[in-house]
Amino acid sequence: MSGVSGFEKFLKIDRRWIFLAVGVAVVIPFFFPLGLLVDVTPPVQSLYDAVDVLPPSSQPLLLAIDYAPATLPELEPMALAILRHAFSRDVNVAVMTLHPAGYGLAERAGLQVAEEYDRVYGEDYVYLGFQPGTSAVILSLGVNIRNVFPEDAYGTPLSEFPIMDGIRNYDDIPLLITLAGWSAAEAWVYFAHEPFGQEVGAGVTAVMATDYYPYLNTGQLVGLLGGMRGAAEYEGLVGHPDKGVRGMDSQSIIHMLIIALIVVGNIAYFATRKSKKLAG
Amino acid sequence: MRRRLPLALCFIAGIFTAVQYFIPHAAVQDFQEQLLGWLMTLLAFAFLLGTVSLIRLHWHKIRNRADDRGYSFVALAGLTTMIGLGLFHPAHHSPDSPFNVMFQNVQVPIEATMFSLLAFYVASAAFRAFRARTLEATLLLVAACVVMLGRVPLGELIHEQIPIATRWILEVPNLASKRGVMIGVGLGMMATSLKIILGIERAWMGGTD
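Chains as they are written, first to last, in the working numbering: chain A, 1272 to 1551; chain B, 3 to 211.
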């Protein structure tokens, strides 16, 4: 009987104890890394392969940093890994964003990795900036990029950048990758892949990833990175482990903790229910 | 006239946008290009509307001395500071501009922290609400646990089949159900679009009919 009352007490535990357990589980791996290896899944390998076959110093990869600060911890590691992959192979990159809060985030990702690889602005990469009107922007890019971005993010006409010579629309963009914490990835599929045949890859948050499997299955997405796990896999392929790989240790322990809480919560619930039935 | 003109414009723009997809003639495509330009300009005004609405809301709270007006002061102070730094600072385009420094060091950590708090609430909610009360709930619970295990390296260390089971759940039952939902949503969107273009659905015009 005392065991059952213990279960009842346990079910009513102050949730701050759970918050404390989560906090400890997140923080500990940063001081004592587990160094867990992450296997590469087919959607991530496909996206990596699509970047890997892009010709060096040629038509640019278009990277759409369509995330806001809220989803930055999951999506920025993807942006850095993809930029490292492209720059390590001398692939040109044009960066843009469909999210107003993505303006500064796209800039910082581009600047950071360009500095790591000594890339020259305007020759190896360019930052186009932000334009409002998701679907209209995507459709207009298919007609003429200069209709949407006559200048780069800093007000210099695109005609002054060697990287943009002869680049008119999606016909001149071999691959587009969107990293989005909202429905931008769907918009790129609807308005860039379908009408113009643009090859699209995506990186989304873990909770969103399940929504994109139908697009992968139909080939409308060439590859998919899902959450921090996707970023960690891509970092492994690029050979530059960073925030994604480090975050997987914390994520592993948190997932185990949540599963343990579910199991223990159910045991306590059924034990309590059985004792109530017996009692009355 | 006040009702017929918007309805006629909606009908013409809706039909044209749908039909132009099938007409590759230069004149048609040029006009579509014009329409897209107008659309981007119109959508830019949404930001202005949003800003005005936010200012009015908080100004109203401050004027009426609402209990939580302190937050309104902070919101308006943040808004005016960032607008001021963005519009009037001479180096507003530079990555080292005060606007960007504020964005990177204030807004980014605040938003990322707020979103990260979800992990704490998910853990608490999973403990309190995720119960195997019925067969469906049990299936959901088992699938969730398998996917959670299969998405982290520890899952594979526990058993090599766990990541394979995770991929199967994502690529078979998940994909099938998502596809069904998406087809339903797509058909619903088509039906609603047609109702708006044909003037059957008029809620977008305001009023009651």
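Think of the CB as a built atom: it goes at the ideal place given N, C-alpha and C, for glycine as much as any other residue.
- Under the DSSP assignment, residue 1336(A) falls outside any alpha helix (DSSP H), being part of the beta strand (DSSP E) whose first and last residues are 1332 to 1337.
- Straight-line spacing of the CA atoms in residue 120(B) and residue 1433(A) works out to 45 Å.
- Assignment of residue 184(B) by DSSP, reduced to helix, strand and coil, places it in the helix class.
- Residue 1437(A) is bridged by DSSP to nothing; it lacks a bridge partner.
- For the C-beta of residue 124(B), the chain A residues within less than 8 Å are, from N- to C-terminus, 1529.
- The contact set of residue 1463(A) on chain B, defined by CB atoms closer than 9 Å, is empty, because the minimum CB distance reaches about 13 Å.
- Taking the CA atoms as reference points, residue 1327(A) sits about 24 Å from residue 1422(A).
- Put simply, the segment 1477 to 1486 of chain A does not touch the segment 1391 to 1401 of chain A. Fewer than three CB pairs are less than 8 Å apart.
- Around the beta carbon of residue 55(B), fewer than 16 other beta carbons sit within 10 angstroms, so the residue counts as exposed.
- Distance from the CA atom of residue 1504(A) to the CA atom of residue 1309(A), rounded to whole angstroms, is 6 Å.
- Per DSSP, reduced to three states, the secondary structure at residue 1470(A) is coil, with no helix or strand assignment.
- For the pair residue 1357(A) and residue 1470(A), the CB atoms are not nearer than the 8 Å cut-off.
- Counting along the chain, residue 78(B) sits inside no beta strand (DSSP E); it lies in the alpha helix (DSSP H) bounded by residues 71 to 90.
- Annotation: residue 1473(A) to residue 7(B) spans about 41 Å, alpha carbon to alpha carbon.
- Look at residue 102(B): its C-beta is under 8 Å from a C-beta on chain A.
- Contacts with chain B at 8 Å (Cβ-Cβ) include residue 1309(A).
- Shown here, residue 1365(A) sits in a strand according to DSSP, grouped into three states.
- In the DSSP annotation of this structure, residue 1476(A) is not part of any alpha helix (DSSP H), being labelled neither H nor E.
- Close CB contacts of residue 165(B) within its chain, under the 7 Å cut and outside five residues either way in sequence, are with 152, 157 and 158 (chain order).
- The beta carbon of residue 1464(A) is closer than 7 Å to those of 1471 and 1491 in its chain, skipping five residues each way along the sequence.
- Residues of chain A with a Cβ closer than 7 Å to the Cβ of residue 138(B) do not exist; the shortest Cβ-Cβ separation is about 15 Å.
- Annotation: residue 1342(A) is outside any beta strand (DSSP E) and is labelled neither H nor E by DSSP.
- For residue 1537(A), a Cβ of chain B is located within less than 8 Å of the residue's own Cβ.
- For residue 1401(A), the enclosing beta strand (DSSP E) begins and ends at 1396 to 1401.
- Here DSSP, grouped into helix, strand and coil, assigns residue 1425(A) to coil.
- For the segment 1309 to 1342 of chain A, the beta-carbon criterion of a distance under 9 Å to any beta-carbon of chain B is satisfied by 1309, 1310, 1312, 1313, 1339, 1340, 1341 and 1342.
- Residue range 1514 to 1550 is occupied by the alpha helix (DSSP H) that includes residue 1533(A).
- With respect to the C-alpha of residue 118(B), the residue from 1369(A), 1343(A) and 1399(A) having the closest C-alpha is 1343(A).
- Of all residues in the segment 158 to 180 of chain B, only 158, 159, 165, 169, 172, 173, 176, 177 and 180 come within less than 8 Å of chain A when Cβ atoms are compared, listed by chain position.
- In the structure shown, residue 1451(A) falls within a strand segment according to DSSP collapsed to helix, strand and coil.
- If you compare the alpha carbons of 1349(A), 1525(A), 1302(A) and 1541(A) with that of residue 1290(A), the shortest gap goes to 1525(A).
- By the neighbour-count criterion, in which 16 or more other beta carbons inside 10 Å mark a residue as buried, residue 197(B) falls on the exposed side.
- Contact annotation for residue 1532(A) against chain B: 125, 128 and 129 [CB-CB distance below 8 Å, chain order].
- Any Cβ of chain A closer than 8 Å to the Cβ of residue 39(B) would place that residue at the interface, and such an atom is present.
- Annotation for residue 1393(A): no beta strand (DSSP E) segment contains it, and DSSP assigns it neither H nor E.
- Residues of chain A whose Cβ lies closer than 8 Å to the Cβ of residue 91(B) do not exist; the shortest such Cβ separation is about 14 Å.
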